[in-house]
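Residues in the sequence shown are numbered consecutively from 846, following our numbering.
For each residue, glycine too, the CB sits at the ideal point set by N, CA and C.
Here the structure is a predicted model, which means the values were calculated and not measured.
A short worksheet on the structure shown next.
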Amino acid sequence: MTKQFKTIKFISCKHQDWTTIDIPVGTILQQIPDTKNLIQPIKGIVLEYKNEVIGVPYDFLTPNYDYKTTILLLHGFNSAPENKQAIINQWIINNGLTDSVELIAPQLNYNPNEVIKKIGNIIQEHYGNIIVVGTSLGGFYANYVRAMNHTNQIRVHSINPSWSPSTTLKKEVNKAQVNLKTAENWFFTEAYLNYLSNFEKKCKEELKNYKGNHYTLHLANSDELLSFDELTSYLDENKVKHKLYYYDTDHRFGTVVELLENIKNELIPSSL
């Protein structure tokens, strides 16, 4: 955790309990490991200033270093990133962006609580110009990132996202599973479903407050597994700012290249 940041707003204990001191605008700050869980990693980072350790939300910070665009790819339930990872990597090569765009495609833990921790840690490490792309259950995690963090320096693209995974995956509880891509055997527990239920509740509480310009849905016209009516109604009723693209494909979403062309301008790094 060696990246430096400079403040863009005054930090004051009047905002929330994660701060106890004022930091002047323009102060150079260095991230340190959060050993006391002072702030949820998706929301911000931990700093030491004048011998005091504090958590600071991303909205108060701008990077003070050169950075690439980082694409964080989040795969779906009981799956792996392999196919879409390969397509995106080839597109990056074909467009001559290998020096400026980095793709991170982790194999996600089956435990949703561990997934959220992993996403937060990756965002902390690569914060600067990070684009979260999630598909299906990964799309739910992408929605959660958008709900919990409104900074413009984290952009979110949800592909055929699950909106209520605690409902759609309830039938999988206490069943032995075989990963469709890795052939790994695992077990979907009730605790995992409860984690999803808690994250889902928080997502639906917080996403309605998003008023930024970097939240995009990419939906299949012929998704055979999920319906998006409840999600789009929620966004419309709560006036959540978002962009919406439809594609002639199914839940497996075979139009990744078309999606990348639609968002190409976002993938080119620009100076902050």
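Residue K1088 holds the alpha-carbon nearest to the alpha-carbon of V1001 among K1088, T1100, T1094 and P908.
Counting of Cβ neighbours within 10 angstroms places F905 among the buried residues, the total reaching 16 or more. Residue I949 holds the alpha-carbon nearest to the alpha-carbon of I976 among N958, G900, F1044 and I949. Here the alpha carbon of L1071 sits roughly 44 Å from the alpha carbon of L874.
Note: R1000 is bridge-paired with I976 in the DSSP secondary-structure output.
Taking a C-beta distance under 7 Å as the contact criterion, P1010 and F985 qualify as a contact pair. A distance below 7 Å between beta-carbons, with the five flanking residues on each side excluded, links E927 to the following residues of its chain, in chain order: K1026. In terms of Cα proximity to K1049, the closest of E1082, N1024 and H1059 is E1082. Around G965, the same chain offers P886 and I887 as residues with beta carbons nearer than 6 Å, after the five sequence neighbours per side are excluded.
The Cβ atoms of A987 and S1007 lie no closer than 7 Å to each other.
Between the beta-carbon of L1105 and that of W936 there is about 5 Å, and that keeps the pair under the 8 Å contact cut. In the structure shown, the three-state DSSP call for N928 is helix. Given a length threshold of 3 residues, each whole run of the beta strand (DSSP E) inside the segment 883-944 is given here in chain order: 889-894, 897-902, 906-908 and 914-919.
With contacts defined by Cβ atoms closer than 7 Å, Y1055 and H971 do not form a contacting pair. Within its own chain, the residues whose Cβ lies closer than 6 Å to the Cβ of Y1060, once the five positions on either side in sequence are excluded, are R991, V1001 and H1087, listed in chain order.
With respect to the 7 Å criterion, T1034 and A1065 are not classified as neighbours on the basis of their beta carbons. In the structure shown, I866 falls within a coil segment according to DSSP collapsed to helix, strand and coil. Here K895 is not near E947, since their CB atoms are 7 Å or more apart.
Annotated three-state conformation of F850 is strand, per DSSP. Annotated as proximal: K851 and T907, with beta-carbon spacing under 7 Å. Within its own chain, the residues whose Cβ lies closer than 6 Å to the Cβ of L1080, once the five positions on either side in sequence are excluded, are H1087, listed in chain order.
Within the model, the alpha-carbon separation for I856 versus L883 is close to 15 Å. Within 10 angstroms of the beta-carbon of N1110 lie fewer than 16 other beta-carbons, which makes it exposed.
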